[in-house]
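Just so you know, the protein sequences line up as chains A and B, in that order.
Residue 490 in the numbering used here sits at position 215 of the first sequence, with consecutive numbering throughout.
Residue 335 in the numbering used here sits at position 123 of the second sequence, with consecutive numbering throughout.
Just so it is clear, CB atoms sit at the ideal spot from N, CA and C, and this is done for glycine as well.
Since we're looking at a predicted model, the values are computed, not measured.
Single-structure report; data block below.
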Amino acid sequence: MIHVENLTKDYGEIKAVKGINFTVNDGEILGFLGPNGAGKSTTLRIMTTFLAPTSGTVTLDGYSIHEHPTEVRRRIGYLPELNPLYGDMVVHDLLKFVAGVRGITGKAFKSALGRVMGVCGIGEVMHRTVRELSKGYKQRVGLAMAIIHDPEILILDEPSAGLDPNQIVEIRQLIKDLGKEKTVILSSHILQEVQAVADRMIILNNGEVVADGTNAELMASFQGKAQLIMEVKNASAASIKALPQKIPDISIQGQSAHGNVRRVQLEYPTGHDLREQVFKYAVESGWTILEMSRQQAQLEDVFRSLTLMEGGRDA
Amino acid sequence: MPEAFTIYLRQTILIFRKELASYFDSAVAYIALVVFLLISGWFFSSSFFLINESDLRVLFSMIPIMYLFFIPAITMGLLAREKSAGTIELLVTLPIADGAVVLGKYLAAMALLGVALLFTLLHFITLVFVSSNVDVGALLSGYLGLLLVGGVYAAIGIFCSAITDNQITAFIGSFMLVFILFVLSKVIIFVPGFMSAFVQYISIDFHLTNISRGVIDSRNLVYFGSMIFLFLTLAVRVLEMRKWR
Numbered sequence: 276m277i278h279v280e281n282l283t284k285d286y287g288e289i290k291a292v293k294g295i296n297f298t299v300n301d302g303e304i305l306g307f308l309g310p311n312g313a314g315k316s317t318t319l320r321i322m323t324t325f326l327a328p329t330s331g332t333v334t335l336d337g338y339s340i341h342e343h344p345t346e347v348r349r350r351i352g353y354l355p356e357l358n359p360l361y362g363d364m365v366v367h368d369l370l371k372f373v374a375g376v377r378g379i380t381g382k383a384f385k386s387a388l389g390r391v392m393g394v395c396g397i398g399e400v401m402h403r404t405v406r407e408l409s410k411g412y413k414q415r416v417g418l419a420m421a422i423i424h425d426p427e428i429l430i431l432d433e434p435s436a437g438l439d440p441n442q443i444v445e446i447r448q449l450i451k452d453l454g455k456e457k458t459v460i461l462s463s464h465i466l467q468e469v470q471a472v473a474d475r476m477i478i479l480n481n482g483e484v485v486a487d488g489t490n491a492e493l494m495a496s497f498q499g500k501a502q503l504i505m506e507v508k509n510a511s512a513a514s515i516k517a518l519p520q521k522i523p524d525i526s527i528q529g530q531s532a533h534g535n536v537r538r539v540q541l542e543y544p545t546g547h548d549l550r551e552q553v554f555k556y557a558v559e560s561g562w563t564i565l566e567m568s569r570q571q572a573q574l575e576d577v578f579r580s581l582t583l584m585e586g587g588r589d590a
Numbered sequence: 213m214p215e216a217f218t219i220y221l222r223q224t225i226l227i228f229r230k231e232l233a234s235y236f237d238s239a240v241a242y243i244a245l246v247v248f249l250l251i252s253g254w255f256f257s258s259s260f261f262l263i264n265e266s267d268l269r270v271l272f273s274m275i276p277i278m279y280l281f282f283i284p285a286i287t288m289g290l291l292a293r294e295k296s297a298g299t300i301e302l303l304v305t306l307p308i309a310d311g312a313v314v315l316g317k318y319l320a321a322m323a324l325l326g327v328a329l330l331f332t333l334l335h336f337i338t339l340v341f342v343s344s345n346v347d348v349g350a351l352l353s354g355y356l357g358l359l360l361v362g363g364v365y366a367a368i369g370i371f372c373s374a375i376t377d378n379q380i381t382a383f384i385g386s387f388m389l390v391f392i393l394f395v396l397s398k399v400i401i402f403v404p405g406f407m408s409a410f411v412q413y414i415s416i417d418f419h420l421t422n423i424s425r426g427v428i429d430s431r432n433l434v435y436f437g438s439m440i441f442l443f444l445t446l447a448v449r450v451l452e453m454r455k456w457r
């Protein structure tokens, strides 16, 4: 369990994080979503004890970042933004170093190495210098370093930044697999990514939490309009015009006619599905329905409407 | 507490080994060593062959001057490079004390310095072969002095490397600090009388001369020890300050 309470962080005049609160449950994959400069990295850096908050606190399995930073670090595997690695080190030595600092040596290291080699698929680059690796492999090495001590909590800051589409798919799968056993917090400014891997998401904007919930919950809370597009044959103009009187919540946004085929755009509030009533009305009025499709507000729209703002500091 | 100490020690050794390996994986160590040995070799052999003197005094007085460039060069990257590459974030979010990071890196620089001094022993061996009266005691105390001065300079170097993420800035900063310490004894005649004792105590040359003469006084050792401790502690503090920026 991770509790973030009233966390703030000022960089001089700039308030990067403005009093955010949230809880992460064990075994959850939490997506941290927000435009660049929303305070995602800053929050993650505070959680990993790299930065100290201006006020507020984070507790992780009961250990506070203020009183027990070492205990916090022990429990976390962290992949920082841009995945900084020691370029002149051989992958094997790098993993050995990180494991050594965490007290994993000898046989324990060998078995840990075998595990991360399998999970991250870095067996073939084990004896190559980090600098020579492709970006995808570097990312895997970064992940391998983060999970070498089999941490309960994994914090990944923009794990797919700079990867090509194939590598992104691979990394996402890797994160999903890891998330089966661990608590994973990942940040991204790409909605699809969070949508693809996370159980729950927190949307940050301008240093504040603007939304917190599962995919479905966020969708439901977003009060938008759904559009219904219909293509109907043999429909009289009068019967179409009479539709809003019959079904009060509906409004006609536009229509066009080609011969005896009409295309009608209807709109109604989401959360209140009117398609059945529309169908019944169509049957009563003797329409032949050629097409009927609903276009719901996408999560993308939720994201955009929550985070549209002037650009902030990149942190 | 003993367990915490063992962990601290083990982590210091890990940092030390990593840093030493990175010195020798990159060209830094070789370039620094070659330049150091070329210059020290020239100073030794020029007096040796030209004046026919079997004396290491010239060398012992030249090495502190070479330190002014050599030590800032080998310490400038210790923390500044980690910061500019971003790897510092990786390092300090591991369960490791900032003190162990600084100490391990400091010891790696000292080891490189030790290698450089070890090579200058060649000159000593040359002397043993051609000369009958070699003062081993003076030689040992001379090396001890060099090691201690190098220790102070390296502590200043790592402190300057902690302040910035630019290696050149770190080099210039530590060169200036080290140069001030070095030059104090030369400007002491210009200092008003009431301050001269203080300036003399701060000046590194004053303490080095005592030790090089073979007088190993606890006052001098305390000076070197506290200077090293002061700058290493400052380096740790500066590293911790990242959190509050």
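Give me the chain B residues within the contact set of residue i, using Cβ-Cβ distance strictly less than 9 Å, ordered along the chain.
i	result
A/V373	L302, L306
If the cut is a Cβ gap below 7 Å, which residues of chain A does residue i touch?
i	result
B/L223	The sequence shown places Gln at residue 223 of chain B, not Leu. Those within 7 Å of B/Q223 in chain A are V376.
B/R226	It is Leu, not Arg, that sits at residue 226 of chain B in the sequence shown. By Cβ distance, chain A contributes F372, G375, V376.
B/S386	Per Cβ cutoff of 7 Å: no residues; B/S386 is ~23 Å from chain A at best.
B/D237	D363
B/K230	F372
B/W456	A327
Short of 6 Å in beta carbon distance, which residues of its chain neighbour residue i, apart from the five on each side in sequence? Order them along the chain.
i	result
A/T404	V365
A/Y412	V400
A/M567	M505
A/V536	K508
I want to verify the contact list: residues of chain A whose CB lies under 8 Å from the CB of residue i, in sequence order.
i	result
B/I219	G378
B/T299	P359, L360, Y361
Could you work out which residues of chain A lie near residue i, taking near to mean beta carbons separated by less than 9 Å?
i	result
B/S234	Y361, D363, M364
B/S373	By Cβ distance, chain A contributes nothing, its closest Cβ being about 16 Å from B/S373, past 9 Å.
Ends of the beta strand (DSSP E) at residue i?
i	result
B/N432	Premise fails: B/N432 lies in the alpha helix (DSSP H), 430-453, not in any beta strand (DSSP E).
A/I422	From DSSP, A/I422 is part of no beta strand (DSSP E) but of the alpha helix (DSSP H) over 410-422.
A/D368	Here A/D368 belongs to no beta strand (DSSP E); instead the alpha helix (DSSP H) covers 366-376.
A/K500	500-508
B/M322	From DSSP, B/M322 is part of no beta strand (DSSP E) but of the alpha helix (DSSP H) over 310-342.
B/T299	Not the beta strand (DSSP E): B/T299 falls in the alpha helix (DSSP H), residues 299-304.
A/I277	277-286
Along the chain, where does the alpha helix (DSSP H) containing residue i start, and where does it finish?
i	result
B/R269	269-287
B/R421	Looking at the sequence shown, residue 421 of chain B is not Arg but Thr. 416-424 is the extent of the alpha helix (DSSP H) around B/T421.
B/T376	No alpha helix (DSSP H) holds B/T376; DSSP gives it neither H nor E.
B/T218	214-237
A/D452	440-454
A/T265	With chain A running from 276 to 590 in the structure shown, residue 265 of chain A is simply not present.
Using a Cβ-Cβ cutoff of less than 7 Å, which residues in the same chain neighbour residue i once the five nearest sequence positions on both sides are dropped?
i	result
B/F418	S397, Q412
A/Y353	T323, A421, I430
B/K230	none
A/G586	Any reading at A/G586 must be qualified, since the residue scores a pLDDT of 43, below 50, and its modelled position is unreliable; no value is offered.
A/M584	Annotation note: pLDDT 49 at A/M584 (below 50); position unreliable, no value reported.
B/F228	G316, L319, A320
B/A350	G426
B/Y365	Y279, I283, V390
A/D439	none
A/K521	Y556
B/L420	P276, G357, V361
Comparing C-alpha positions only, which one of the options sits nearest to residue i?
i	options	result
A/H278	A/Y338, A/G375, A/T324	A/Y338
B/M288	B/L446, B/F410, B/A367, B/F394	B/A367
A/E346	B/I308, B/L291, B/K317	B/I308
A/Q470	A/D548, A/K382, A/F307, A/T318	A/F307
A/G309	A/D336, A/V485, A/I379	A/V485
A/A501	A/A532, A/E492, A/I525, A/P544	A/P544
A/M476	A/D487, A/Q467, A/E468	A/D487
B/F436	B/S252, B/V247, B/V361	B/V361
A/A327	A/A510, A/A374, A/T283	A/T283
A/G534	A/L518, A/A510, A/F554	A/A510
B/F336	B/D347, B/K295, B/I225	B/D347
A/A473	A/G389, A/G302, A/N441, A/V391	A/G302
Which residues of chain B have a Cβ atom closer than 7 Å to the Cβ of residue i, listed in chain order?
i	result
A/P434	The premise fails here: A/P434 is roughly 14 Å from chain B at the closest Cβ pair, so nothing lies under 7 Å.
A/T324	T305
Return the chain-ordered list of same chain residues with a C-beta closer than 8 Å to the C-beta of residue i, the five sequence neighbours on each side being excluded.
i	result
B/G369	I283, P284, I286, T287, M288, L290, A321, A382, S386, V390
A/L408	V366, V400, V416
B/S408	I400
Give the interface partners of residue i over in chain B, defined as CB-CB distance under 8 Å, in chain order.
i	result
A/P355	G298, E301, L302, T305
Any C-beta of chain A within less than 7 Å: which residues of the region 308-332 of chain B qualify? I308
Below 7 Å between beta carbons is the criterion; list the residues of the region 329-352 of chain A that meet it against any residue of chain B, in chain order. T345, R348, R349
Using a Cβ cut-off of 8 Å, which residues of the region 295-329 of chain A contact any Cβ in chain B, in chain order? R320, T323, T324, F325, L326, A327
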